[in-house]
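Before any comments, here is the structure.
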Amino acid sequence: MITTIAKVFTGQMEGKEISLRGWVYRHRSGGNMVFAVVRDSTGIIQVAVKKDKVSEKDWKDANDAYVESSLTIRGVVKKDERAPGGYEIGATGFELISRGEPFPVAKDLSEEYLLDIRHLWMRSQKMTNIMKARHHIVNYLREFFNNDGFYEIAPPIITRSGCEGGSTLFEMDYFGEKAYLTQSSQMYAEVFVFSHEKVYVLAPSFRAEKSRTIRHLAEYWHLEPEMAFYDQKMNMDLQEKMVQYAVEKMVKEHPELLKACGRDPLELEKVLAPFERMDYAKAVDRVNELGGKMAHGEDFGADEEAILTKEAIRPMFVHNFPKDIKAFYMREDPKKPGTVLNSDLLAPAGHGEIIGGSERIWQYDELVTRMKEQNLDIKDYQWYVDLRKYGSVPHSGFGLGVERFVKWMLNLDHIRDAIPFPRTITRCYP
Ligand code: ATP
Ligand code: MG
Numbered sequence: 217m218i219t220t221i222a223k224v225f226t227g228q229m230e231g232k233e234i235s236l237r238g239w240v241y242r243h244r245s246g247g248n249m250v251f252a253v254v255r256d257s258t259g260i261i262q263v264a265v266k267k268d269k270v271s272e273k274d275w276k277d278a279n280d281a282y283v284e285s286s287l288t289i290r291g292v293v294k295k296d297e298r299a300p301g302g303y304e305i306g307a308t309g310f311e312l313i314s315r316g317e318p319f320p321v322a323k324d325l326s327e328e329y330l331l332d333i334r335h336l337w338m339r340s341q342k343m344t345n346i347m348k349a350r351h352h353i354v355n356y357l358r359e360f361f362n363n364d365g366f367y368e369i370a371p372p373i374i375t376r377s378g379c380e381g382g383s384t385l386f387e388m389d390y391f392g393e394k395a396y397l398t399q400s401s402q403m404y405a406e407v408f409v410f411s412h413e414k415v416y417v418l419a420p421s422f423r424a425e426k427s428r429t430i431r432h433l434a435e436y437w438h439l440e441p442e443m444a445f446y447d448q449k450m451n452m453d454l455q456e457k458m459v460q461y462a463v464e465k466m467v468k469e470h471p472e473l474l475k476a477c478g479r480d481p482l483e484l485e486k487v488l489a490p491f492e493r494m495d496y497a498k499a500v501d502r503v504n505e506l507g508g509k510m511a512h513g514e515d516f517g518a519d520e521e522a523i524l525t526k527e528a529i530r531p532m533f534v535h536n537f538p539k540d541i542k543a544f545y546m547r548e549d550p551k552k553p554g555t556v557l558n559s560d561l562l563a564p565a566g567h568g569e570i571i572g573g574s575e576r577i578w579q580y581d582e583l584v585t586r587m588k589e590q591n592l593d594i595k596d597y598q599w600y601v602d603l604r605k606y607g608s609v610p611h612s613g614f615g616l617g618v619e620r621f622v623k624w625m626l627n628l629d630h631i632r633d634a635i636p637f638p639r640t641i642t643r644c645y646p
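So this is what it looks like as C-alpha cells:
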C-alpha cells in the first residue's frame, strides 16, 4: 500500500510494511548500511537500508542514489525516539524511479545563485514550507470574502491606462497600439459594485519599480475588494477583520508550519483587533518625536514606517493623507478638507505597508474636477468616469499585496521569498 510520510508520523502505521514514493533528501552510505532521508510533499523521514534485507538490485539502487533521485521504497515502520518525527523505516525494498544527475544545490550557496536555479531551489524545505503557508494564507483570505457574500471577479490584465501613475507602467505593443500591464484591478472591480455590491479580485498587478527594495516586486498578486455603500470606517473595520481571520486560522490550523517557516505562532496570536488608527498629521509628528525626520505633506518611506511601528505588535492604520500626494480617485474628507478618506495599514517590525485603501469619489463632478487638478486626460478614463453618471453610489475598497502579507505573516527577510519566481528590476529568469 502506497502511503505518505505524514500518515507514517500519525503512528497508525507502526509495525506495518508500507510503501512510499518520494525523493532522496539526504544520503549516506557505509559498510552494509545506507541511510537515506526521504521526502515527499507531506514530510521527511529517515530510511535505513540494510544490505541483507533487500534484493541485490535494490541494494545497488540504494547505493547509487543521489540527493533528489526519485524513488519508491518499501519498509517496516519502527518507532525510534532519536529519529526526527519519532519514526524510522527499515527498508525491505528500494527502487529508483529516476537517478538523475548530481543535484547542483548544496549548502552555503549565494542568494544570486539560488535565484538562478530557483526552479530547483523550490524543492528546498524552506521554499516548500513557505509555499505551503502561502497556499493556506491565500485560501483563508478567499474564504473570508466568500463567507461574507463577496463575488470574485475576473479583471483584464492588459489595459489602456494606469491608475497609480505613469512611472511604473509596463508598456506593451497591442496590435500596433500602446497598452499596459495592469497596475491594479481596482477600477474594474468598481464596475461590479453597481451589480454585485461586494466583490473582490485576486490577480497579478505589475509595477515597473525601478528601485531595489525588500518589499517591491515588478509582478505581485493583488487582492482588491470593493464594496458598495461602505465608508472609510467600514472599510477599515473590514480590513481588520480580514487580517485577524487569516492570522487566527493560520495560528489555529497550521502552528507547526508557521514554526517551520521561522514564525512563532504565539507572536502572531497577539494580533487582535482593534488596530490603532492614527491620523496622517499625528503620524508625521510621531515619526519626528521618535527620531525620524519628515515634513508634513511627504509620504512615508520604509524608514518612517519602521519608526512608526517599532513598538507595535499589531498592524496600525494611518489615515487621512494629504490629497495632493494620493491617487485621483480617493474621496476628499468633507470634515477635513485637503485630506482624503484613505488609509494605509502598516505591519509591525519594519514590514511596513501591506494595504492601501480608500473611499472612492463617487460623484461625477467631483471626479472630473479632481482629475483636472491632477492634469489627467478624462478621455483616457472615460469608461471609469461614466460609472458615476448612472446610479452611482458611495463605495470603498482596498488593495492588499499578497506577498507583503505573506512576508509579514511568516516574518520573511525579503519579499522575493513570498513568491516562487520573483520579478524584479534585475531578474525575470527562470
Ligand atoms: P508603496 O508605497 O510601498 O510603493 P503603494 O502606495 O505603491 O505602496 P498601492 O498602490 O496602494 O501601494 O497598492 C496597494 C498594495 O499593493 C500595497 O499596500 C502593497 O501591499 C502592494 N504593493 C504595491 N506595490 C507593490 C510592489 N511593487 N510589490 C509588491 N506589493 C506591492
Ligand atoms: Mg508604490
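Heads up: the sequence shown begins at 217 in the numbering used here, then just goes up one per residue.
For every residue, glycine included, the Cβ atom is placed at its ideal position computed from N, Cα and C.
Heavy atom of ligand 1 within 6 Å of residue i beta-carbon
i	result
leucine 439	no
isoleucine 571	yes
histidine 352	no
tyrosine 545	no
arginine 620	yes
leucine 236	no
glycine 306	no
glycine 301	no
leucine 433	yes
glycine 617	yes
tyrosine 404	no
tyrosine 416	no
arginine 639	no
arginine 423	yes
tyrosine 367	no
tyrosine 436	yes
CA-to-CA distance, residue j to residue i, given in whole angstroms
i	j	result
glutamate 582	glutamate 589	11 Å
lysine 475	arginine 350	14 Å
methionine 450	glycine 573	11 Å
valine 270	alanine 307	7 Å
isoleucine 218	alanine 299	22 Å
lysine 542	threonine 375	21 Å
glycine 566	glutamate 548	29 Å
leucine 616	proline 471	23 Å
histidine 412	tyrosine 367	7 Å
alanine 522	lysine 348	28 Å
alanine 497	histidine 535	9 Å
phenylalanine 637	phenylalanine 410	36 Å
alanine 634	glutamine 598	36 Å
glycine 227	phenylalanine 537	56 Å
leucine 647	alanine 322	Missing from the structure shown is residue 647; the chain here goes from 217 to 646 and no further.
threonine 220	serine 340	18 Å
serine 235	serine 257	15 Å
leucine 484	valine 354	17 Å
valine 254	histidine 630	29 Å
Cut-off 7 Å between Cβ atoms - residues of its own chain near residue i, not counting five sequence neighbours on either side
i	result
phenylalanine 361	Tyr416 and Pro441
alanine 281	Val240, His243, Ala252, Leu287, Leu312 and Arg315
Residues near residue i in its chain [Cβ-Cβ closer than 6 Å; skip 5 each side]
i	result
alanine 252	Val240, His243 and Val263
leucine 330	Trp337
serine 432	In the sequence under discussion, the amino acid at residue 432 is histidine, which differs from the serine named in the question. The residues are Glu425.
tyrosine 404	Pro371
arginine 358	none
DSSP beta-bridge partners of residue i
i	result
histidine 243	Ala252
tryptophan 437	Pro420
arginine 576	Met546
glycine 568	Ala563
alanine 307	Gly291
phenylalanine 386	Leu397
aspartate 495	His535
isoleucine 374	Leu397
asparagine 558	Ser574
Beta-carbon contacts of residue i that lie in its chain and below 8 Å, excluding the five residues immediately before and after
i	result
tyrosine 356	Tyr461, Ala462, Lys465 and Met466
arginine 479	Met625, Leu626 and Asn627
phenylalanine 319	Tyr282, Val283, Glu284 and Leu336
Closer than 6 Å: residue i CB and nearest ligand 4 heavy atom
i	result
glutamate 442	Judged by which ligands are present, ligand 4 is missing from the structure shown, whose ligands are ligand 1 and ligand 2.
Beta carbon proximity, residue i to chain C, threshold 7 Å
i	result
alanine 370	Here chain C cannot be found, since the structure has a single protein chain.
**OP:** Examine the Cβ distances between the segment 420-433 and the segment 451-464 and report whether three or more of them are shorter than 8 Å.
**Re:** Touching, no.
Original post:
Does the segment 384-397 come close enough to the segment 495-512 that 3 or more CB-CB pairs lie under 8 Å?
Top reply: As far as the Cβ criterion goes, the segment 495-512 does not touch the segment 384-397, which means the pair count is below three.
Original post:
Is there contact between the segment 569-583 and the segment 595-615, where contact requires at least three CB pairs shorter than 8 Å?
Top reply: Contact between the segment 569-583 and the segment 595-615 is present, because at least three Cβ pairs lie under 8 Å.
**OP:** Please determine if the segment 637-646 and the segment 585-604 are in contact, where contact requires at least 3 C-beta pairs separated by less than 8 Å.
**Re:** Contact fails: fewer than three Cβ-Cβ distances are below 8 Å.
Original post:
Are the segment 286-304 and the segment 223-235 touching, with three or more C-beta to C-beta distances below 8 Å?
Top reply: At 8 Å Cβ cutoff, the stretches touch.
Original post:
Taking three-plus beta-carbon pairs below 8 Å as touching, is the segment 503-513 in contact with the segment 554-564?
Top reply: Between the segment 503-513 and the segment 554-564, the count of Cβ pairs shorter than 8 Å is below three; the stretches do not touch.
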